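A.B. asks: Position 41 of the sequence shown, counted from 1, bears residue number 54 in my numbering, the numbering being contiguous throughout.
This is the structure, below, for whatever I ask next.
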Amino acid sequence: GVRADLEVAGDPRLASTEVDVAVLRLVQGALANVRQHAGASRVVVSLSYEPGELLVDVVDDGRGFDPALVGPVTDAGGFGLRAMRERLAVLGGSLSIESAPGEGTAVAASIPLEGGT
């Protein structure tokens, strides 16, 4: 199996239901990709509560891929990346993917939080 770790930084606070659902779906999708495609031995999910935003990172040590072969995240996007991006965009958030063959994959999201602090 894949070892999964969760890291939480900052002062966790309540978010809207919409943000909670977006984070749940993002992490579910990213973990499904790790299981189905990455061949990873470890994945780390990080939640970082920053002033005005929540940063979500899912980083694996798997086989990686060339993002250019999947298409831009803003286009068709494979591996459910388009759906992830669209969910975040509705909330004013953003998604980035960093990967290279043999180097693992990092999925990073930034989601605005109400209240700013």
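Virtual Cβ for every residue (Gly too), placed ideally from N, Cα, C.
The structure presented is a predicted model; accordingly, all values stated were derived computationally and were not measured.
Judging by CA-CA distance, which residue of R100, V40, S112, Y62 is the nearest neighbour of A22?
C.D. replies: The shortest C-alpha separation from A22 is found at Y62.
A.B. asks: In whole angstroms, give me the CA-to-CA distance for D33 and L82.
C.D. replies: When rounded, the distance between both Cα atoms is 31 Å.
A.B. asks: Could you have a look at R55 and say whether DSSP puts it in helix, strand or coil?
C.D. replies: DSSP places R55 in strand when its eight states are reduced to three.
A.B. asks: Could you please give me the residues that DSSP links to R16 through a beta bridge?
C.D. replies: R16 pairs with R55.
A.B. asks: Can you tell me whether A96 is helix, strand or coil according to DSSP?
C.D. replies: Of the three classes helix, strand and coil, the one that applies to A96 here is helix, per DSSP.
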